[in-house]
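A.B. asks: Mapping of the sequence shown onto full-length UniProt numbering: position 1 corresponds to residue 1, and the numbering continues sequentially without gaps.
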Amino acid sequence: MDNSTSMAGPRRQRQQRMASGESYHDEIPVPIPGQGSNKPSAISTHSLERYYTATPQKQRFSWLFIVIMGLSTIVTASLLAMRLFTLPASAAPQAIEVEVDVAAPAASVSTAAPAYPAPASPESAAPKAPAYSAAAAAAAGSWWMSDIKRQGVVAYGSADYKIFRNVKDYGAKGDGSSDDTEAINAAFSDGNRCGKGCDSSTTTPAIVYFPPGTYVVSKPILPYYYTHMIGDVNNLPVLKPTANFEGMAVIDVDPYNSDGSNWHTNQNNFFRQVRNFKIDLTGMPKSSGTGIHWQVAQATSLQNIVFQMIEDPSDDNKQQGIFIDNGSGGFMTDLTFIGGRYGGFFGSQQFTSRNMTFRNCNTAVYMNWNWLWTLNGLDISGAKVGIDMTAGGNVQNVGSILLTDSKIANTAVGVLTNYNPAQPDTNGTLIIDNVDMSSAVPVAVKGGGSSATILAGNAKIASWVQGRAYSGGSGKAIQATQTPVTKPKALLDSKGNVVTKSKPQYNSAPSSNFISVKSKGAKGDGKADDTAAIQAVFNSVQDGQIVYFDHGAYVITDTVKVPKNIKIVGEVWPLIMAGGNKSFKDQANPKPVWQVGQAGDVGNVEIQDLIFETLGPQPGAILMEFNVAGSTPGSAGLFDVHFRVGGSAGTQLQSDKCKKNPKVKADPNAECLGAFMLFHMTKQSSCYLENTWFWGC
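(1) If you follow the beta strand (DSSP E) that Lys-585 is part of, which residue opens it and which one closes it?
(2) Could you check what DSSP says for Lys-168 in three-state terms: helix, strand or coil?
(3) Starting from Ser-146, follow the alpha helix (DSSP H) in both directions and report where the run begins and ends.
(4) By a C-beta neighbour count over all protein chains shown, 10 Å radius and 16 as the cutoff for buried, is Asp-316 buried or exposed?
(5) Which word fits Gly-393, buried or exposed, when buried means at least 16 other C-beta atoms lie within 10 angstroms of its C-beta?
(6) Do you know how far the Cα of Glu-311 is from the Cα of Gly-696?
(7) Starting from the Cα of Thr-614, find the closest Cα among Ala-636, Val-153, Gly-637, Ala-649 and give me that residue.
(8) Compute the Euclidean distance between the alpha carbons of Thr-390 and Lys-446, then round it to the nearest angstrom.
(9) Return the chain-ordered list of same chain residues with a C-beta closer than 6 Å to the C-beta of Gln-94, the five sequence neighbours on each side being excluded.
(10) Less than 6 Å between C-beta atoms, sequence neighbours within five positions excluded: which residues of the same chain meet that for Val-413?
(11) Is Gly-283 closer than 9 Å to Lys-240 when the C-beta atoms are compared?
(12) Skipping 5 residues on each side, what residues in its chain have a beta carbon closer than 6 Å to that of Glu-625?
(13) Taking the continuous alpha helix (DSSP H) assigned at Glu-311, which residues delimit it?
(14) State yes or no: is the C-beta of Gln-295 within less than 9 Å of the C-beta of Val-253?
(15) Just to check my reading of the structure: Arg-275 and Ile-305 have Cβ atoms closer than 8 Å, yes? What is that Cβ distance to the nearest angstrom?
(16) Grab me the residues of His-526's own chain with a C-beta within less than 8 Å of its C-beta, minus the 5 sequence neighbours each way, in chain order.
(17) I'd like the ranges of any beta strand (DSSP E) spanning at least 3 consecutive residues and lying wholly in the segment 624-692.
(18) Is the segment 191-204 touching the segment 171-183 in the sense that three or more CB pairs, one from each, lie closer than 8 Å?
(19) What are the boundary residues of the alpha helix (DSSP H) that Val-537 is part of?
(20) Cβ of Met-332 within 9 Å of Cβ of Leu-302?
(21) Going by beta-carbon coordinates alone, are Gly-321 and Gly-343 separated by less than 9 Å?
(22) Are the segment 598-610 and the segment 659-678 in contact at 8 Å, needing three or more beta carbon pairs?
(23) Whose C-alpha, out of Ser-177, His-642, Ile-148, is nearest the C-alpha of Asn-166?
(24) Alpha carbon to alpha carbon, how far is Lys-39 from Pro-220?
(25) Quick check: His-642 and Phe-584, are their CB atoms within less than 9 Å of each other?
(26) Thinking just about the alpha-carbon of each residue, which of Gly-646, Gly-674, Asn-627, Ala-636 is nearest to the one in Gln-684?
(27) Relative to the C-alpha of Gln-542, which residue among Asn-565, Ile-408, Ile-207 is closest?
(28) Please identify the residue among Ala-599, Asp-609, Asp-586 whose C-alpha is closest to the C-alpha of Pro-617.
(29) Mapping the DSSP letters down to three states, classify Gln-423 as helix, strand or coil.
(30) Give every residue of the same chain whose Cβ lies closer than 6 Å to the Cβ of Ser-353, excluding the five residues on either side of it in the sequence, and list them in chain order.
(31) What do you get for Thr-692, buried or exposed, if any count of 16 or more other CB atoms within 10 angstroms of its CB means buried?
(32) Should Gly-152 go down as buried or exposed, given a rule of 16 or more other Cβ atoms within 10 Å for buried?
(33) Give the range of the beta strand (DSSP E) segment to which Ala-456 is assigned.
(34) Assuming Asn-458 and Ser-471 make a contact with CB atoms under 8 Å, what is their CB distance in whole Å?
(35) Do Leu-281 and Met-248 have their C-beta atoms closer together than 9 Å?
(36) If you scan the segment 320-404 from start to end, which runs of the beta strand (DSSP E) of 3 or more residues do you find wholly inside it?
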């Protein structure tokens, strides 16, 4: 997908969505493929060969890769299975032109580009930890995030680069009256990070922490690329824009420049988290105000955020919680939207969203366009419309919506749609599965153009679909109640809903419960062999302890055995790198880099915020073998854990060696045989996968 832009007015942008290539690189530029090539897809084996970072045993690997990528969360796994039984898997809209008023979310949008310098090239000096102040940490808050000892360093970046930043160290007051905009943005930009003029980088990660307080802002907060923006989970910090706030949104992760372009290519806007905040727009006039401009791609998430807007049912209310105009997919969970015109204005390729509560929003979800969007666990009450998917009229901007395990109440219309059974394609596909509309929802599904009732409300809907159903090669349009798909019991909770679980944040655990691998001897410098040190930590971990990977690059040269009962937290995605010249070199005898549990084990596994990759070619490496079955549904899982082969600093698998050359037929380059397999779930295991990204670039 690409946005070809031209300005049709001083504050309007015409955007055309079509397939195109993209680049993702650090120090070594990767050429951008020509128009018409496809972005590496979460379910495409083509991406495994991009820039000839090749994978041995291609057929075996590709099969698992497709399955695991398709099951990026257990929620999506079940929902996609339902769709495969009823409708075609592809419902991508054709290339269309849509006019987007980029100024709509704000009363006044400044067209001047913010004065943030492009990042400098990273230094080559050996990394060292920045100074740590125990006194400053103790004053920050009661949560472990605020006072854990900071030892993380960037292995392939600047020696003095600071990973953890507390906004109060940069002058933010959080007192509810001082303007904290400049101080907060200084915390994000410090250290020549990847902002305007930098499309992507893996050498400047940061955690920007907000202690409890009310932070007043008059312009957008601008989290740079590869940022975890984290508030105190036990006492949510409040972000409060001023009445005369100028900008697109309180938090803007991909600002527009004066020429209509963005800081980052939207499909390349990876590696971001925002969690634990309240965004209060009630001090702004109801004619403007957006909480978050979230134009992102993979490996991104929103979690535990409250959007407080003006509760006014009139058409004059223009406030919205989240504005997504473009992007390539991601994940959001545990969000609450109160008031406003829209809870969420959504438009992206593919997304998984769950556990979202909407109260008194005029429209809970306005779906502007998508390829595929999963909405699980929605709780909507007091809206005029629950989900509006009429954008584009007869053009059908929306590819597909899967609405499952949800409740809509006290709402005039559950879903508003323009689907026409006479259309030949699959755009406008809608699956409603296990959705309760029995309480004051007179119309479950309504035609947007005709205003006709398509499905009556005031009932619990077990299964209803609209789209094209196929038997063999012949398809036909359907728009009717269906026999519910039988889901495997292993995927269901006690209420019959698909099992879900939020990433644990260990709200009450003291920092003393966290066992730092660096404190136990691991180096994380991208050079030293950390196998023995990490194995020693896993061998000695006690009940109640949490293994903590300070940011760094940990080289593993032989299989590390991870216990069946374990909690692991990474500091802004430390790298677990398969390396060495022996254990992982034989593609005929592949070995796991991390072996989680043993065959037949039952236990409880929580692993979060790590990245697995290789140090050079490792054609016999299985980056993770997962053997554990959860003691209870969902109790063994990965959260925000990503697998990335090639294309990033330190991997030695970048375009200087592994540039693709599709016009020449040649044997695979031995220097570019990345890994044998990314992830192997063994036969008796069960793994809850939430917001995991498996990518060979």
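Glycine included, C-beta positions come from ideal geometry on N, C-alpha and C. All figures in this text were calculated on a predicted structure; none of them were measured in a lab.
C.D. replies: The relevant details are as follows:
(1) Where Lys-585 is concerned, there is no enclosing beta strand (DSSP E), given that its DSSP letter is neither H nor E.
(2) If DSSP states are grouped into helix, strand and coil, Lys-168 belongs with the helices.
(3) Secondary structure note for Ser-146: its alpha helix (DSSP H) is the uninterrupted segment 144-147.
(4) Flag for Asp-316 reads exposed.
(5) Under this definition Gly-393 is an exposed residue.
(6) Cα to Cα, the separation comes out at about 46 Å.
(7) Minimum Cα-Cα distance from Thr-614 among the listed residues Ala-636, Val-153, Gly-637, Ala-649 corresponds to Ala-649.
(8) Each residue's CA atom was taken as its position, placing Thr-390 and Lys-446 some 10 Å apart.
(9) Caution applies to Gln-94, whose pLDDT of 35 falls short of 50 and renders its modelled position unreliable; the model cannot decide the point.
(10) Within the same chain, Val-413 has close Cβ partners Val-385, Val-443, Lys-446.
(11) Yes. Within cutoff.
(12) Excluding sequence neighbours, Glu-625 sits near Pro-592, Gln-595, His-680.
(13) Neither: Glu-311 is in no alpha helix (DSSP H) and is coded neither H nor E.
(14) The answer is yes: Cβ separation under 9 Å.
(15) Contact holds; Cβ gap of about 7 Å.
(16) Here residue 526 turns out to be Gly, not His, going by the sequence shown. Cβ within range, chain order: Ala-155, Tyr-156, Gly-552, Ala-553, Val-555, Leu-575, Met-577, Leu-615, Gly-650.
(17) Segments of the beta strand (DSSP E) lying fully in the segment 624-692: 636-639, 642-645, 675-681, 688-690.
(18) When C-beta atoms of the segment 171-183 are compared with those of the segment 191-204, fewer than three pairs fall below 8 Å, so the two segments do not count as touching.
(19) Element bounds for Val-537: 531-540.
(20) For Met-332 and Leu-302, yes; Cβs fall inside 9 Å.
(21) Contact: yes.
(22) No, they do not touch.
(23) Out of Ser-177, His-642, Ile-148, Ile-148 has the C-alpha closest to the C-alpha of Asn-166.
(24) Annotation note: pLDDT 35 at Lys-39 (below 50); position unreliable, coordinate value reported separately. Rounded to the nearest angstrom, the two C-alpha atoms are 30 Å apart.
(25) No, Cβ-Cβ distance for His-642 and Phe-584 is not below 9 Å.
(26) Taking Gln-684 as reference, the option from Gly-646, Gly-674, Asn-627, Ala-636 with the minimal CA-CA separation is Asn-627.
(27) Of the candidates Asn-565, Ile-408, Ile-207, the one whose C-alpha sits nearest the C-alpha of Gln-542 is Asn-565.
(28) In terms of CA proximity to Pro-617, Asp-586 leads the group Ala-599, Asp-609, Asp-586.
(29) Note: Gln-423 maps to coil in three-state DSSP.
(30) Cβ neighbours of Ser-353 beyond the five flanking positions: Met-332, Leu-375.
(31) The residue is buried, with at least 16 neighbouring Cβ atoms inside 10 Å.
(32) It counts as buried.
(33) Segment 453-456, the beta strand (DSSP E) holding Ala-456.
(34) That belief does not hold up - the Cβ atoms of Asn-458 and Ser-471 are roughly 33 Å apart, past 8 Å.
(35) Contact annotation: Leu-281 and Met-248 have beta-carbon atoms that are not nearer than 9 Å.
(36) If we require 3 residues or more, the beta strand (DSSP E) runs fully inside the segment 320-404 come out as 320-323, 330-338, 342-359, 363-381, 385-388.
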